[in-house]
Amino acid sequence: MSTPPPLSIWARNISPSPTLAVDAKAKALQAAGEDVCSFAAGEPDFDTPEHIKEACIVALKAGKTKYAPTPGIEPLRQAIVERYAAEYGLKAAVGQVVVSPGGKFNCYLGILATCSPGDEVIIPAPYWVSYPEMVKLAGATPKFVLCDDRTGFKLTPAQLEAAITPKTRLLVINSPSNPTGAVYTRAELEAIVAVALKHNLYILSDEMYEHLIYDGAKPTCIATFSPEVEARTITVAGFSKTYAMTGWRIGTTVAPLPIAKAIAELQSQMSSNVTTFAQYGALAALKEKEKTRAALATMLTAFDRRRKILHAGLNNIPGVNCLLAQGAFYLFPNVSSFGLKDMEFCNRLLETEKVAAVPGSAFGAEGYLRLSYATSDAIIAKGLERLGRFCANLKR
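Numbering (this note's numbering) for the sequence shown: 5 to 400.
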C-alpha cells in the first residue's frame, strides 16, 4: 500500500503554541494529583461577570441562534463605535468594525488583508507567540527586532528605521504587551509611528490588554494620532482579557473601510459570524457600564496587588532581575545569570519544584521567563518560595 501524500507546507511549517503547551503540561500534572504552582496561564482567573452571562442566556432563550451578519450584529458594532468615541475620541463608522471569533483571528485577518507572499512584517521581540506563525501562514516573512530589558522591552524609532527594507509592509505593535507587560507612552508611539508613516507601512496595533493598566499609565489608541495614521492602522481589541471572557472568543477590529471590508470578506469564507447569542453578552459588557466598571475594578485591584507581590519576590531572589510591568498580567524576569538555556531552566523548574513558567525564548527572547499573576495570592507565595529554592540550588 502506498503512503499518503505529505501534508501541506502550511501544516508542516506551523509551530505549536509554547504557552498552551506549558499550560497543558501543568494541568496534566495537576490532574494526576501533583501540587503544581502554575504561572503559565494567559487568561484572567476570574469568572465572566454575571450581567454578561445573563444577557447571553436571555439571547439564547429568545432564539438568537441563527446566522448573524459576518462582521457582527449591528447593535454590538454600534456599541464598539461608541466605545472608541467615548474613550479615545476615535470617530469610526459601523462599517469599519468587524467582530471576529477571538482577537487572535482578528490579528490574522488583518495580516491576510494587508500582506502578500514576499512581504516582510516587523515584529518587536519579545512578541506574542502567534504573530510569527500568522505572518508565515500569510506567506509573508516575520522580521524580528529584539527589545530587551535595557529599553524596557520597547521598540525604539532607531531600531525600527534600521529594520525596514523595501519589502517591509506591516509593523506589529502590542501595548500593553504580552509577554512583558510593557506599556508604551503616547510620545513613544508617536515617534515610532512617524517612522512607519515615512516608509508608508501599515500598522497592526494589538490593544487587547488596553484596560489592564497600572501606576497611572494611560492606554493609547494609535489610530487617533492623525487621519493619515488612521488610514494605515488596524486596531485589534476584544473582550477576553478585560471582561474575563477568553472562552467566548469575541475579538474586534476597527480599521479603514477598505481593510475592514476585506477582513469581513475573508472571514465570510473562513468562519462566518461569531456565535450569535454570545455577541449579546458582549453587548451587555459595553452597555451596562456601571456593572462592567465594578467588575473590572475588582479584577484590577487584585492584579495590581499580585503584580507588586510577585515583582518584589522575584527581585529578592539572588540572580533574578525583573522590571515592574505597567500592564497586562505578566512579568518577564531575566534569569540568564544562572547559565542555563531558559527552556532547560523551565523544564527543570517544573520537574523538581512543580512550578510552571513559559521560557522567554518562546517569545523570541532567550534568558527570560514569562510569569502570569492571573492566579491566587497563595499560589504566588508558594511559587516564589519554590523558585527561590530552585535558584539557590543552581547557584551552589
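We put the CB at the ideal spot given by N, CA and C, even for glycine.
Note that this is a predicted model, so its numbers are computed, not measured.
In the DSSP assignment, residue 147 falls within the unbroken beta strand (DSSP E) covering 145-150.
Here residue 381 carries a helix assignment [DSSP, helix/strand/coil]. Of the residues assessed, residue 39 falls on the exposed side of the cut-off, its CB having fewer than 16 other CB atoms within 10 angstroms.
Beta-bridge analysis with DSSP links residue 41 to 359.
Per DSSP, residue 374 lies in no alpha helix (DSSP H) segment; the continuous beta strand (DSSP E) that holds it begins and ends at 373-376. Relative to residue 365, the option among 208, 376 and 345 whose CA is nearest is 345. Per the coordinates, the alpha-carbon of residue 286 lies some 7 Å from the alpha-carbon of residue 80.
Residue range 172-178 is occupied by the beta strand (DSSP E) that includes residue 173. When only Cα atoms are considered, residue 243 and residue 187 end up about 19 Å apart. If you compare the alpha carbons of 59, 311 and 29 with that of residue 378, the shortest gap goes to 311.
Per DSSP, the beta-bridge partners of residue 256 are 103 and 241. Residue pairing of residue 125 in beta bridges, as defined by DSSP: 146 and 174. Listed as beta-bridge partners of residue 328 by DSSP are no residues whatsoever. By the Cβ criterion, the segment 235-251 is not in contact with the segment 26-43, since fewer than three pairs of Cβ atoms, one from each stretch, lie closer than 8 Å. The Cβ atoms of residue 336 and residue 156 lie no closer than 8 Å to each other. Taking a cut-off of 8 Å on C-beta distances, the segment 268-277 does not touch the segment 300-307, as fewer than three cross pairs fall below it. Taking a contact as a CB-CB distance under 8 Å, the pair residue 172 and residue 232 does not count as one, their CB atoms being some 18 Å apart.
Looking only at 295, 354 and 275, the smallest Cα-Cα distance to residue 53 is reached by 295. DSSP, reduced to helix, strand and coil, places residue 217 within a strand of the structure shown. DSSP, read as helix, strand or coil, puts residue 284 in helix. Looking at the backbone, the Cα of residue 323 and that of residue 391 are separated by about 11 Å. Take the alpha-carbon of residue 210 and the one of residue 226: they are about 10 Å apart. Of the residues 118, 308 and 112, the one whose Cα lies closest to the Cα of residue 133 is 112. According to the DSSP assignment, residue 209 belongs to the beta strand (DSSP E) that extends over 206-210. Pairing residue 190 with residue 230, the inter-Cα distance amounts to about 13 Å.
In this chain, the alpha helix (DSSP H) harbouring residue 14 covers 13-17. For residue 356, the closest C-alpha among the options 235, 117 and 398 is that of 398. Annotated as proximal: residue 246 and residue 216, with beta-carbon spacing under 8 Å.
Shown here for residue 252: same chain residues with a beta carbon closer than 6 Å to its own, the five before and five after excluded, namely 282 in chain order. Scanning its chain for C-beta atoms nearer than 6 Å, with the 5 sequence neighbours on each side dropped, one finds around residue 161 the residues 195, 196 and 199, in chain order.
Close CB contacts of residue 308 within its chain, under the 8 Å cut and outside five residues either way in sequence, are with 218 (chain order).
One Cα belongs to residue 362, the other to residue 5, and the distance between them is close to 43 Å.
For residue 320, the secondary structure class from DSSP, reduced to helix, strand or coil, is coil. In the structure shown, residue 247 falls within a coil segment according to DSSP collapsed to helix, strand and coil.
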